Amino acid sequence: MRWGRGDAGYSLVEVLIAFAVMALVLGALIPGQARLGEAAIRAEERLLVLTALLAATASRNVGTATVGGTELRLARQHAEGVDLLRALAEGGGKLALPEGYRVRPVSGLVDLNAADLALRQILFDLLELGPEAERTYVAFRRNARLARLDDLAALAGLDPPRRMLLRQVSTTNSGAPGVDSDAAPEALRAAIGLRGDAAAAPTSGTVLRLERGTIPVGEIDAAEGSSRVVTLH
Numbered sequence: 001m002r003w004g005r006g007d008a009g010y011s012l013v014e015v016l017i018a019f020a021v022m023a024l025v026l027g028a029l030i031p032g033q034a035r036l037g038e039a040a041i042r043a044e045e046r047l048l049v050l051t052a053l054l055a056a057t058a059s060r061n062v063g064t065a066t067v068g069g070t071e072l073r074l075a076r077q078h079a080e081g082v083d084l085l086r087a088l089a090e091g092g093g094k095l096a097l098p099e100g101y102r103v104r105p106v107s108g109l110v111d112l113n114a115a116d117l118a119l120r121q122i123l124f125d126l127l128e129l130g131p132e133a134e135r136t137y138v139a140f141r142r143n144a145r146l147a148r149l150d151d152l153a154a155l156a157g158l159d160p161p162r163r164m165l166l167r168q169v170s171t172t173n174s175g176a177p178g179v180d181s182d183a184a185p186e187a188l189r190a191a192i193g194l195r196g197d198a199a200a201a202p203t204s205g206t207v208l209r210l211e212r213g214t215i216p217v218g219e220i221d222a223a224e225g226s227s228r229v230v231t232l233h
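Note that the working numbering has the sequence shown beginning at 1, numbered continuously upward.
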């Protein structure tokens, strides 16, 4: 909370003291018990209004500081992830990662462009997408490939929790019709287990994903030593 001087050159403490003095002066100048009581009530009302304004301002300042701090922390995490992703690409995947980060092949993720019908249905069921969302997806794929995971999120109108789940279990870069269930995230592996071998695919280490916890940062193509960043989330 800031107690400094405002634009008019007065601090909040000075204003409160001034109102208190005004109340005392009015009480001394106005004759009669009724007039004195009326002045005291008015002064008290003004002080109550100031107190309410002070509380609202303090609450707003604390809220703004909290939001600003959260945004700053997320921005720093994003910048750190981007730097690590680029360093991985430049170093051919050889880099000591800070705690909380990991790299894994995207062969355990559903490719939104290459997945076969059975695997795509598993994904859509996991995301709780209905027939209308699937028709929209199929119509889009007739003319273009999905460049980013957020393309499907926008087409299907996913809410934030399902958008995050999509990012955790999907990719646009594996090029495989199935997934390697051993490399799949737990949620996807459980869904695949209910459908037998419908989504089986060999492991591929060509494209690697950098993750911070369960949050994807981006992916690199590590084929033949010519590493490059192919996706940045």
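Note that the Cβ used here is the ideal one computed from N, Cα and C, for glycine as well. This structure is a prediction, so every number in the text was calculated from the model and none was measured.
{"Asked": "Using only CA atoms, which one of 214, 217, 230 and 77 lies nearest to residue 206?", "Found": "230"}
{"Asked": "Taking the beta carbon of residue 129 as the centre, do at least 16 other beta carbons fall within 10 Å, making it buried, or is it exposed?", "Found": "buried"}
{"Asked": "Quick check on residue 161: buried or exposed, where buried means 16 or more other Cβ atoms within 10 Å of its Cβ?", "Found": "exposed"}
{"Asked": "State the DSSP-derived secondary structure class of residue 247, mapped to helix, strand or coil.", "Found": "A query on residue 247 cannot be resolved here, the shown segment of the chain reaching from 1 to 233 and no further."}
{"Asked": "Count the other C-beta atoms from every protein chain shown that fall within 10 angstroms of the C-beta of residue 173, then say buried if there are 16 or more, exposed otherwise.", "Found": "buried"}
{"Asked": "Using the Cβ count rule (16 or more neighbours within 10 Å means buried), how would you classify residue 157?", "Found": "exposed"}
{"Asked": "Buried or exposed for residue 237, going by 16 or more other Cβ atoms inside 10 Å?", "Found": "What the structure shows of the chain is the stretch from 1 to 233, and residue 237 is not part of that stretch, so it cannot be assessed."}
{"Asked": "Mind the definition here: the region 74 to 83 touches the region 133 to 151 only if three or more C-beta pairs lie below 8 Å; say whether that holds.", "Found": "no"}
{"Asked": "For residue 34 and residue 72, I'd like the C-alpha separation in whole angstroms.", "Found": "Confidence at residue 34 is low in this model, with a pLDDT of 46, below 50, so its placement is unreliable and the value that follows should be read with caution. Residue 34 and residue 72: Cα-Cα distance of roughly 57 Å."}
{"Asked": "Going by C-alpha to C-alpha distance, which of 96, 188 and 101 sits closest to residue 217?", "Found": "101"}
{"Asked": "Report the three-state DSSP secondary structure of residue 185 (helix, strand or coil).", "Found": "coil"}
{"Asked": "Near residue 228, what residues of its chain come up, given a Cβ to Cβ distance below 8 Å and the 5 sequence neighbours on each side ignored?", "Found": "89, 220 and 221"}
{"Asked": "Does the region 145 to 155 come close enough to the region 175 to 190 to have 3 or more Cβ pairs within less than 8 Å?", "Found": "no"}
{"Asked": "Straight-line CA distance for residue 118 to residue 69?", "Found": "44 Å"}
{"Asked": "Using only the alpha-carbon positions, how far apart do residue 84 and residue 96 sit?", "Found": "10 Å"}
{"Asked": "With which residues is residue 220 paired in a DSSP beta bridge?", "Found": "208 and 229"}
{"Asked": "Return helix, strand or coil for residue 107, following the three-state DSSP convention.", "Found": "helix"}
{"Asked": "Following the continuous alpha helix (DSSP H) through residue 139, name the residue where it begins and the one where it ends.", "Found": "131 to 141"}
{"Asked": "Provide the residue(s) that pair with residue 171 in DSSP beta bridges, ordered along the chain.", "Found": "111"}
{"Asked": "For residue 171, count the other beta carbons within 10 Å of its own beta carbon; 16 or more makes it buried, fewer makes it exposed. Which is it?", "Found": "buried"}
{"Asked": "Thinking C-alpha only, which one of 112, 103 and 82 is nearest residue 176?", "Found": "112"}
{"Asked": "Quick one, are the C-beta atoms of residue 110 and residue 188 less than 8 Å apart?", "Found": "yes"}
{"Asked": "Whole angstroms are fine: how far does the CA of residue 142 sit from the CA of residue 213?", "Found": "35 Å"}
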